[in-house]
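At position 116 of the sequence shown the residue is numbered 116 (the working numbering), and the sequence of numbers has no breaks.
Data block below; observations after.
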Amino acid sequence: MTDKRNLEHVIWSRTGELFIRLFGSGTDQSTKTTSEVHINNLQQIISENNMLLQKSAITIISDNGPDWSTDCMANIYNLGRFWEEQKSDALILVSYASGYSRFNPIERMFSRLTDLLQGVIIDLDPSFKETSQQLDMELIELCKYWNNKSNCNFKIDCGPMFSVNGNVFDGHEKLKNLLMNKSQIQIQENSNVEFSLQLYLRHCIRSTYYTLFIKCNDKYRVHCPRYPICAT
Numbered sequence: 001m002t003d004k005r006n007l008e009h010v011i012w013s014r015t016g017e018l019f020i021r022l023f024g025s026g027t028d029q030s031t032k033t034t035s036e037v038h039i040n041n042l043q044q045i046i047s048e049n050n051m052l053l054q055k056s057a058i059t060i061i062s063d064n065g066p067d068w069s070t071d072c073m074a075n076i077y078n079l080g081r082f083w084e085e086q087k088s089d090a091l092i093l094v095s096y097a098s099g100y101s102r103f104n105p106i107e108r109m110f111s112r113l114t115d116l117l118q119g120v121i122i123d124l125d126p127s128f129k130e131t132s133q134q135l136d137m138e139l140i141e142l143c144k145y146w147n148n149k150s151n152c153n154f155k156i157d158c159g160p161m162f163s164v165n166g167n168v169f170d171g172h173e174k175l176k177n178l179l180m181n182k183s184q185i186q187i188q189e190n191s192n193v194e195f196s197l198q199l200y201l202r203h204c205i206r207s208t209y210y211t212l213f214i215k216c217n218d219k220y221r222v223h224c225p226r227y228p229i230c231a232t
């Protein structure tokens, strides 16, 4: 489909089967939500679904919160690491502007999910000392209210993302402190960080509600010629 400017538009259904993976976030360091936590969860979801491993482009719809903001170099670095690890042609991060929530498929989805939780109270289990362990147990309980239920006649597939999952990416706080508070000289002293950040920024296009990491055809860029563009 094309518009009056002859620009091609991609059309997809507004409803479909829901695959929900729950993660419990808190205020302490072990459960704090960061871009590193997000990409570790995404990495696990993709590794558990062979279908996703075949995709040459990945689109992420976010709420544009601080843990996704590309004004933060640590978030750019983490998203770049995810793009590089997946060897995908393109990684696209988009969010919806204020007042446009009616177009957001995630918000429409949660309208149905909250209906399923009317009158439900889930208490933390005090037998677990760690907050992260308590949250993990409550995720299991929460899944019971959503898994195998229906949304627009489509099945809901709901499962937990436990805090004890092995992480591919780590070091977010140290990385954030380095990129936000240190001088250019100190960043240059961390040659691996400097090299990777330069790679990601050269392949990154940013605007207010849109960020794109994409492979190029430059044979001298190391990553791109090693993993050539798959899509045609």
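For every residue, glycine included, the Cβ atom is placed at its ideal position computed from N, Cα and C.
None of these values were measured; they are calculated from a predicted model.
Three-way DSSP call (helix, strand, coil) for residue i in this model
| i | result |
| --- | --- |
| residue 34 | coil |
| residue 93 | strand |
| residue 232 | Summary for residue 232: the model assigns pLDDT 47, below 50, so the residue's position carries little reliability, and this model does not support an answer. |
| residue 222 | coil |
| residue 45 | helix |
| residue 193 | helix |
| residue 198 | helix |
| residue 104 | coil |
| residue 13 | coil |
| residue 227 | coil |
| residue 111 | helix |
| residue 80 | helix |
According to DSSP, residues forming a beta bridge with residue i
| i | result |
| --- | --- |
| residue 19 | 157 |
| residue 213 | 91 and 204 |
| residue 2 | 8 |
Anticipated Cβ contact below 8 Å, residue i with residue j, distance rounded
| i | j | result |
| --- | --- | --- |
| residue 35 | residue 209 | No, residue 35 and residue 209 are not in contact; Cβ-Cβ is about 17 Å, not under 8 Å. |
| residue 203 | residue 215 | 7 Å |
| residue 316 | residue 142 | An answer regarding residue 316 cannot be provided, because it is not within the stretch 1 to 232 covered by the chain. |
| residue 45 | residue 21 | 6 Å |
ask   = In the region 123-166, which residue ranges form an unbroken alpha helix (DSSP H) of at least 4 residues, counting only runs that do not cross its ends?
value = The DSSP assignment places 131-146 as complete runs of the alpha helix (DSSP H) inside the region 123-166, in order along the chain (cut-off: 4 residues).
ask   = Using 8 Å as the Cβ pair cut-off and three pairs as the minimum, do the region 142-160 and the region 14-24 touch?
value = Three or more beta-carbon pairs separated by less than 8 Å link the region 142-160 to the region 14-24, which places the two stretches in contact.
query = Does the region 80-99 come within contact of the region 111-126, defined as at least 3 CB pairs closer than 8 Å?
reply = At 8 Å Cβ cutoff, the stretches do not touch.
task = Give, in chain order, every unbroken run of the alpha helix (DSSP H) that is at least 4 residues long and sits entirely within the region 47-73.
result = Those alpha helix (DSSP H) runs which fall completely within the region 47-73 and span 4+ residues are 50-53.
ask   = Does the count of Cβ pairs from the region 37-46 and the region 78-85 closer than 8 Å reach three?
value = With a cut-off of 8 Å, the region 78-85 and the region 37-46 count as touching, because enough Cβ pairs lie within range.
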